[in-house]
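All remarks here apply to the structure that follows.
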Amino acid sequence: SIAQQLGSTAAGSPFRRVLDHIRMQSTGTRWHAFYENMWIVTTICLVIGLFLFYWPIGAANCIPTFHGCAAMKWDGPVNGHVLFSTPSCWLPKWTFHDTDLPHKYRLFLPGAVAMFSCAAVLHVLRQAFGTD
63 SIAQQLGSTA AGSPFRRVLD HIRMQSTGTR WHAFYENMWI VTTICLVIGL FLFYWPIGAA
123 NCIPTFHGCA AMKWDGPVNG HVLFSTPSCW LPKWTFHDTD LPHKYRLFLP GAVAMFSCAA
183 VLHVLRQAFG TD
């Protein structure tokens, strides 16, 4: 009957099994396993990108940009208790000024952008092959 051919669930229907078999034959078992485990590579790229972006912020005390470094300076009161008891707590008096990024951190930002780009491309590929 038609109900038996369609199956009770979409995942268990004979049509779905035929389509899965065709997909396995067309992409090959090795490629399918590669795309199934691509989330690991995507996660590694994302973690490395986060490390490359945030390391100069902590080590050089500035926010890296492509043309240098944005360093912050506190322009508010010196006393700590005043900092959290006035509206400056909600609207802090930080000013940013451009400085040179130390030479040893120059490649961190382009590296972070490369890792974020790789993670995005791998995620799109994984979505395109329908393994999510």
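Its first residue numbered 63, the sequence shown is counted upward by one per residue in my numbering.
C-beta atoms are modelled at their ideal positions from N, C-alpha and C, and glycine is treated no differently.
Note that this is a predicted model, so its numbers are computed, not measured.
Going by DSSP, what residues sit across from residue i in a beta bridge?
i	result
Lys135	Thr157
Pro126	Cys131
Can you name the start and end residues of the alpha helix (DSSP H) that residue i belongs to?
i	result
Arg188	170-190
Note down, in chain order, each residue of its chain lying with its Cβ closer than 7 Å to the Cβ of residue i, except the 5 sequence neighbours on either side.
i	result
Leu81	none
Leu130	Per the sequence shown, residue 130 should be read as Gly rather than Leu. Contacts found: Asp160, Thr161, Asp162, Leu163.
Ala132	Cys124, Ile125, Phe158, Asp160
Rounded to a whole number of angstroms, what is the C-alpha to C-alpha distance between residue i and residue j?
i	j	result
Asp194	Ala176	With a pLDDT of 46 at Asp194, under the threshold of 50, the modelled position of this residue cannot be trusted, and the question is left open.
Pro172	Phe128	8 Å
Ile108	Thr161	Note that residue 108 is Leu in the sequence shown here, rather than Ile. Distance between the alpha carbons of Leu108 and Thr161 is about 27 Å.
His165	Ala95	42 Å
Phe191	Phe170	32 Å
Among the residues of its own chain, which have a CB less than 6 Å from the CB of residue i, if the five just before and after it don't count?
i	result
Tyr5	With the chain running from 63 to 194 in the structure shown, residue 5 is simply not present.
Exercise. Is the segment 94-111 touching the segment 171-184 in the sense that three or more CB pairs, one from each, lie closer than 8 Å?
Worked result: yes
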